[in-house]
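**Q** Chains as they are written, first to last, in the working numbering: chain Z, 10 to 280; chain L, 201 to 712; chain B, 82 to 394. The beta-carbon is built from N, C-alpha and C at its ideal position, and this holds for glycine as well.
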Amino acid sequence: MRKFLSTKALIGLGLVLTVVAVAVLAPFFIPPERATQMVMTARLQPPSFDFLLGTDQLGRDLFARVMLGAQTSLTIAVLAVGMSIVLGLPLGIISGYYGGRVDNVLMRLIDALLSFPILLLALTISAVLGPNLQNTIIAIGVAFTPFLARIVRGEALRIVQMPYVEAARSAGTRDLQMIVRHILPNVMPALIVQATISLAFAVLAEAALSFLGLGTQPPQASWGLMIQASRQFLDLAPWTALVPGCALAITILGLNLLGDVLRDVLDPRAR
Amino acid sequence: MKRRDFLVSTIAASAALWIGFGPSALQAQEPVSGGTLVWGHSETTQNLDMHQTGTASTSRVLQNIHDSIVTINSDMEVVPQLAESFEISDDGLTYTFHLRDGVMFHDGSTMTAEDVVYSFERLRDPETGAVNFEVFNDVEAIEAPDDMTVVIRMSRPNAPFLARVAENGAGVIIPAGSGDIQGETPIGAGAFEFVRREFGNEVELARFDDYWDGPAYLDGILAREITEPTVRLTGLRTGELHFINDIPAERVAEVEADPDLQVVTWAPLNFDFVNFNHDVELFQDPRVRQAFDLIIDKELLMQGALWGQGTTTPTPSFPNDASRNGDLVQRAQDIEQARALLAEAGYPPGTLNVVFKVTTNYPYHVESAQIIAEWARQAGVNMTIEQLTWADWLSQVWVDRDFEMTMMNFFTIWEPDRLYYSLYHTTGGFNYRNISDPLIDELAEAARGEVDPDARTEIYQQIQQHIFDEALDVLLWYRNGSIAAQPSVGGLDTVVHPNGSNLNFHRVWLQS
Amino acid sequence: MVYLVNRLLLVVLTLFVISIVTFGITNILPGDVAMMIMGTQSNPEALEGLRQSLGLNDPLIVQYGRWIGGLLSGQWGESLLFNEPIAPLISQKMLASGLIVVMTMAIALLLAIPLGVWAARHRDRWQDTTSSTAALLGLSVPDFFIGIMLILLFAAYLGWLPSSGFVDPTEDFFGAVRHAFLPSLALALGLMAHLTRMTRSAMIGILNQEFIRVARAKGLPERTVVWHYALPNAIGPVMTVAGLQIGFLFGSIIVIESLFSYTGMGWLTYQALLNRDIPLIQSTVFVIAAVVMLVNLAVDLLYRVIDPRIRLG
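Here is the structure:
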């Protein structure tokens, strides 16, 4: 199992680093116009020397689009997960640390929110705010928050009951200090694991929202949007779906592998 | 350029819709009765109340259930339907309709003047929320001197009144008192009666045996609502469906070449145009509007978004409308000149940001917007696209008029008053672009009161010239309509209504 | 008993919060249904008339009261856009989606249990790696992309199964299953991952237990030991995970049903959202949240001790 674990770690890390590298570096090598330039005489062309991964229905280069799409996907996912941490971490810690009535009220609210499937919540929020880049981030970020808050709360609750925390408390440590010194650092491992797995799910959610027309807007290159546009041309040009679909799968697989490995390393209870 | 001119003149010269047929052996055979036609319908039906429903998709089904007091023929003339004849007084203030004898409704009752008065009164009652409400604005009274006669008295002459009644469901007659149930179980006097609707899935119609114009051949119609274009086509190919409308544009050529399918294409189904919000300061400058017109290569855009399934046009007038201005020629693409015009107007390259709102309800609008945005980029304009759901488009663009640029299509409005008054008059019901042009207002009002057809034509041509000169909108094209059917479907040539939008199955039959 | 009463009170409270959240979100939605009914043919007077007659001009609290009162008394009102009563509409669509949910679960379990058992029996060997990899792949490929590939393969290329549509199972059961198969398969491949992992870890735990050693020592064939003795003990936690996946499933169903034009609950919700059919959005979102909550409750009651491994929804 150890060997498998390290293989897993290597593959996961490799995939994630590759995607991150593409997201960061692609704009330096591929001018952004490449993703929107259209060649009307080369629509739905299969992969060739001119177009490494073929072209879409408007004669745009799929290679350029899929490469530049990495940035869209990752930016949205990172910012959305970041937002859910900013919102969920304090909620979870307050709830878990103080317990009692505060915890009760917050947890009832969070339980109710957890009954809404994340995608449904994100879709509804996106429909409310109107689809654009910023609102997509907000929609996914808000939809993830209850989930994250609950994980953090569970951890905080566990840590609060630890003997050394009790000891510190009886020594008269103040709340804020307690939270910063003892709770926060100990919540971190679970949070990191959760954030990595959430990143995978956020990439997926962005793609799903864009696929339904409620996420990233054209002509910006987004994998979900590309898959959506490919639906009509599936039998004529299957590569228009395969290219962004594989990019998505690679990214999510990498993040999932990494999440698994991190969990095994950081969170021994979950083995 | 040459080819475009040729196409336009072909259309303008033909008397009726420009319709093309694929080969069919069946057209020569004798029709037979029986069978249920399975139709793959491109859109979801909504409110089934003919007075309230505004969407062409729902009307397309409902037109088979309802007949109208008057309708139009292929020469765009108003002709009687449920009326046997009608008269207009010389002063244009009194319309007298003599009703057809023995017209039966689906509920078994016979049509009398009472039903006609009820239908019209319901339509013009604001509580009904009827879409054609404004058609009856100048109506003073609707009377029934006897069972078979209806008289409408106007407060002032309204030249387009009768044509407006003939158009788009305003003249549909329903049985007296049936208003409340129309939304769920529509009842009319048409060739087919409503059986059921399974919401979002299918609508079933059955032949109405007592139809005044002779019973239909088909036992019934099953309209399955399949919004995904490729799925519709696959259904037709596998034999699950007999008939589909709206072949995906990129497949038309391929389907036409298929010897196992019949295809009918026609022009126009609708026209499309790019709009500016005239309340936005930027677009109050005609040079800016002209610059955006110059950015667009209409023919290339049509090839790009419609895969060639359309014909470019500089005016929204129906191709065979006498008042269409045939002298206009669309501006050719000239990015350099567009840059120059924008710079002259105070927007040198790189300084102009524009938001283009399009609705995903029309995927080819989203494609068009992407192509236009790319041209705009070449002209130094940063154009951002916002895709809106149909509901959001209606809310933001149509009602709140909160937009900079947008794009829309209208099912070809063949009646020029509706077209130019509603779309371009300052107070027009369809003027969501905030156009307020004194000359247009004056001309559109003048045309409404003008009873001499030649003089009206003159005025409408002037309006079109002015719209073009000022680039109030950028007119793009007429989009082709298309239907396809199995070889076993007969009477396909009778399906498309002269208005280019409705489909009528009265004379359609299935080979046993 | 006290626990149960408390739990039920909590259910009522949660349902109340769900209703507030649902109503709150839907009322910030821009646009209204009067506009949708009229489309581009609308004019201000007619629009206002229609709004009035639909009750869209009443204050929010009145609209909420009317809605919640209606929900409680079984009067769910009408879908404004489609002019049909909502309750039968939803029960009809729930039936359609129910078929998908059941088939998805069946397919996912049929794939995941053998795969998980196989991995557990050959722990840390290539079989285990293969099974983990398969599960991870299922988790990583978006279900709508799987759906597209399935359409391409089974509908467009092989022509074996219909690529879209819904058939009423009470009219044509076989047809209904055929139409529900591809969407269910697409969903099941995504769902499989957690179930495989759960089966594997549960089986590993049980195979190490005393009674299994005893059974083996008695000379029972390994197949009997695994399938008759071990598996029944592992099935509990696996079913718990399956139950907890319901929420996830109802999210995915929105995308998958609209991809396959399968007119179930997910499709209905998406249509309602797109069309701003506020009463329909309220009811569909509320019903989905309530169903998810009740299924989770049932699972919870059946299995009060929840393994920390199964928190991921």
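Leaving out five residues on either side along the sequence, give the residues of the same chain with a beta carbon under 8 Å from the beta carbon of residue 229 of chain B.
**A** Sequence index remark: in the third sequence, residue 229 of chain B carries index 148 (1-based). If we look at residue 229 of chain B and ignore the five residues flanking it on each side, its Cβ neighbours are 340.
**Q** To the nearest angstrom, report how far apart residue 163 of chain Z and residue 151 of chain Z are at their CA atoms.
**A** Sequence index remark: in the first sequence, residue 163 of chain Z carries index 154 (1-based). Sequence index remark: in the first sequence, residue 151 of chain Z carries index 142 (1-based). Rounded to whole angstroms, residue 163 of chain Z to residue 151 of chain Z spans 19 Å at the Cα level.
**Q** For residue 309 of chain B, count the other beta carbons within 10 Å of its own beta carbon; 16 or more makes it buried, fewer makes it exposed. Which is it?
**A** In the third sequence, counting from the first residue as 1, residue 309 of chain B sits at position 228. By the neighbour-count rule (16 or more Cβ atoms within 10 Å), residue 309 of chain B is not buried but exposed.
**Q** Which chain Z residues are close to residue 573 of chain L, counting only those with a beta carbon under 8 Å from its beta carbon?
**A** To locate residue 573 of chain L, count along the second sequence from 1; it is residue 373. Here the neighbours are 45, 228.
**Q** DSSP three-state call for residue 498 of chain L: helix, strand or coil?
**A** The residue labelled residue 498 of chain L in the question sits at position 298 within the second sequence. Correct three-state label for residue 498 of chain L: helix.
**Q** Report yes or no: do three or more beta-carbon pairs, one from the stretch 581-589 of chain L and one from the stretch 448-456 of chain L, lie closer than 8 Å?
**A** Fewer than three pairs of CB atoms, one per stretch, sit closer than 8 Å, so the stretch 581-589 of chain L makes no contact with the stretch 448-456 of chain L.
**Q** For residue 391 of chain B and chain Z, any beta-carbon pair shorter than 8 Å?
**A** Taking the first residue of the third sequence as position 1, residue 391 of chain B is located at position 310. Because the pLDDT at residue 391 of chain B is just 39, under 50, the model does not fix this residue reliably, and the point stays unresolved.
**Q** Would you say the stretch 320-331 of chain B touches the stretch 115-133 of chain Z, given that touching needs at least three Cβ pairs under 8 Å?
**A** yes
**Q** Could you spell out where the beta strand (DSSP E) holding residue 235 of chain B opens and where it closes?
**A** The residue you call residue 235 of chain B lines up with position 154 of the third sequence. Premise fails: residue 235 of chain B is in no beta strand (DSSP E) and is neither H nor E.
**Q** Less than 7 Å between the CB of residue 75 of chain Z and some heavy atom of the ligand NAD, yes or no?
**A** Questions concerning the ligand NAD fall outside what the structure shown contains, since it holds no ligand whatsoever.
**Q** Residues in the stretch 313-344 of chain B with C-beta within 8 Å of chain L's C-beta atoms, listed in sequence order?
**A** 342, 344
**Q** May I ask you to list, following chain order, the residues of the stretch 361-382 of chain B that have a beta carbon less than 8 Å from some beta carbon of chain Z?
**A** Contact annotation: in the stretch 361-382 of chain B, residues whose CB is within less than 8 Å of a CB in chain Z are 362, 366, 369, 370, 371, 373, 374, 377.
**Q** Quick check on residue 142 of chain L: does DSSP put it in helix, strand or coil?
**A** Lying before the first or after the last residue shown, residue 142 of chain L is absent from chain L, which here runs from 201 to 712.
**Q** Between the alpha carbons of residue 323 of chain B and residue 206 of chain Z, how many angstroms are there, rounded?
**A** Your numbering for residue 323 of chain B matches position 242 in the third sequence. Your numbering for residue 206 of chain Z matches position 197 in the first sequence. Here the C-alpha atom of residue 323 of chain B lies approximately 19 Å from the C-alpha atom of residue 206 of chain Z.
**Q** Pick helix, strand or coil for residue 303 of chain B, following the three-state DSSP scheme.
**A** Counted from its first residue, the third sequence places residue 303 of chain B at position 222. DSSP places residue 303 of chain B in helix when its eight states are reduced to three.
**Q** Report yes or no: do three or more beta-carbon pairs, one from the stretch 526-545 of chain L and one from the stretch 593-607 of chain L, lie closer than 8 Å?
**A** no
**Q** Could you name the residues of the same chain whose beta carbon sits closer than 6 Å to that of residue 214 of chain L, not counting the 5 residues immediately before and after it, in chain order?
**A** One-based indexing of the second sequence puts residue 214 of chain L at position 14. Confidence is the limiting factor: at residue 214 of chain L the pLDDT is only 39, short of 50, which leaves the residue's position unreliable, though a coordinate-based value still follows. None.
**Q** Does DSSP classify residue 47 of chain Z as helix, strand or coil?
**A** For the purposes of this step, residue 47 of chain Z is identified with residue 38 of the first sequence, where counting begins at 1. DSSP places residue 47 of chain Z in coil when its eight states are reduced to three.
**Q** In whole angstroms, what is the alpha-carbon distance linking residue 299 of chain L and residue 376 of chain L?
**A** As a first step, residue 299 of chain L is located in the second sequence; it is residue number 99 there, counting from the start. As a first step, residue 376 of chain L is located in the second sequence; it is residue number 176 there, counting from the start. Those two C-alpha atoms are separated by around 15 Å.
**Q** Is it true that the CB of residue 273 of chain L sits closer than 8 Å to the CB of residue 648 of chain L?
**A** In the second sequence, residue 648 of chain L corresponds to position 448, counting from 1. In the second sequence, residue 273 of chain L corresponds to position 73, counting from 1. No; because the gap between Cβ atoms is not below 8 Å, this pair is not in contact.
**Q** I need the boundaries of the alpha helix (DSSP H) containing residue 282 of chain L, first residue and last residue.
**A** Here residue 282 of chain L refers to the residue found at position 82 of the second sequence. Premise fails: residue 282 of chain L is in no alpha helix (DSSP H) and is neither H nor E.
**Q** Let me know the alpha helix (DSSP H) ranges lying completely inside the stretch 323-408 of chain L, each 4 residues or longer, listed in chain order.
**A** Listed in chain order, the complete alpha helix (DSSP H) runs (minimum 4 residues) inside the stretch 323-408 of chain L are 361-366.
**Q** Using a threshold of 8 Å, state whether the C-beta atoms of residue 158 of chain Z and residue 98 of chain B are closer than that.
**A** Indexing the first sequence from 1 puts residue 158 of chain Z at position 149. Indexing the third sequence from 1 puts residue 98 of chain B at position 17. The answer is no: Cβ separation not under 8 Å.
**Q** Please report the straight-line C-alpha distance between residue 646 of chain L and residue 573 of chain L, rounded to a whole angstrom.
**A** Residue 646 of chain L sits at position 446 when you count from the first residue of the second sequence. Residue 573 of chain L sits at position 373 when you count from the first residue of the second sequence. Distance between the alpha carbons of residue 646 of chain L and residue 573 of chain L is about 39 Å.
**Q** Which chain Z residues are close to residue 535 of chain L, counting only those with a beta carbon under 8 Å from its beta carbon?
**A** Along the second sequence, read from residue 1 onward, the residue named residue 535 of chain L stands at position 335. Residues of chain Z passing the Cβ test: none, with the nearest at roughly 14 Å.
**Q** Using a C-beta cutoff of 8 Å, does residue 429 of chain L count as contacting chain Z?
**A** Residue mapping note: residue 429 of chain L aligns to position 229 of the second sequence, counting from 1. So yes, residue 429 of chain L belongs to the interface.
**Q** Report, in whole angstroms, the separation of the C-beta atoms of residue 419 of chain L and residue 236 of chain L, which I expect to be a contact under 8 Å.
**A** Numbered from 1 along the second sequence, position 219 holds the residue referred to as residue 419 of chain L. Numbered from 1 along the second sequence, position 36 holds the residue referred to as residue 236 of chain L. Yes, they are in contact, since the Cβ atoms of residue 419 of chain L and residue 236 of chain L sit about 5 Å apart, within 8 Å.
**Q** Using a beta-carbon distance cut-off of less than 7 Å, what residues from the stretch 90-103 of chain B approach chain Z?
**A** 94, 95, 98, 99, 102
**Q** Looking at residue 367 of chain L: is its Cβ nearer than 8 Å to the Cβ of residue 650 of chain L?
**A** Here the question's residue 367 of chain L lines up with position 167 in the second sequence. Here the question's residue 650 of chain L lines up with position 450 in the second sequence. Contact flag unset, no.
**Q** Which residues of chain L have a Cβ atom closer than 7 Å to the Cβ of residue 126 of chain B, listed in chain order?
**A** For the purposes of this step, residue 126 of chain B is taken as residue 45 along the third sequence, with counting starting at 1. Correct list: 326, 333.
**Q** Using 8 Å as the threshold, is the stretch 423-432 of chain L in touch with the stretch 242-257 of chain B, meaning 3 or more CB pairs across them?
**A** yes
**Q** As a quick exercise: from Z:115, Z:226, Z:51, Z:254, pick the residue whose alpha carbon is nearest that of residue 232 of chain Z.
**A** Position 223 of the first sequence, counted from the first residue, corresponds to residue 232 of chain Z. Comparing Cα positions, the closest option is Z:254.
**Q** When DSSP labels each residue in this structure, what does residue 476 of chain L get in the three-state scheme?
**A** Counting from one through the second sequence, the residue named residue 476 of chain L turns up at place 276. DSSP places residue 476 of chain L in strand when its eight states are reduced to three.
**Q** Around the Cβ of residue 154 of chain Z, are there at least 16 other Cβ atoms within 10 angstroms (buried) or fewer (exposed)?
**A** As a first step, residue 154 of chain Z must be located in the first sequence, where it is residue number 145. Looking at its Cβ environment, which holds 16 or more other Cβ atoms inside 10 Å, residue 154 of chain Z is buried.
**Q** For residue 719 of chain L, which residues in the same chain have their Cβ closer than 7 Å to its Cβ, ignoring the five residues on either side in sequence?
**A** The structure shown has nothing for residue 719 of chain L, since chain L only spans 201 to 712.
**Q** Got a sec, what are the start and stop residues for the alpha helix (DSSP H) residue 269 of chain L sits in?
**A** Taking the second sequence and counting its residues from 1, one reaches residue 269 of chain L at position 69. Where residue 269 of chain L is concerned, there is no enclosing alpha helix (DSSP H), given that its DSSP letter is neither H nor E.
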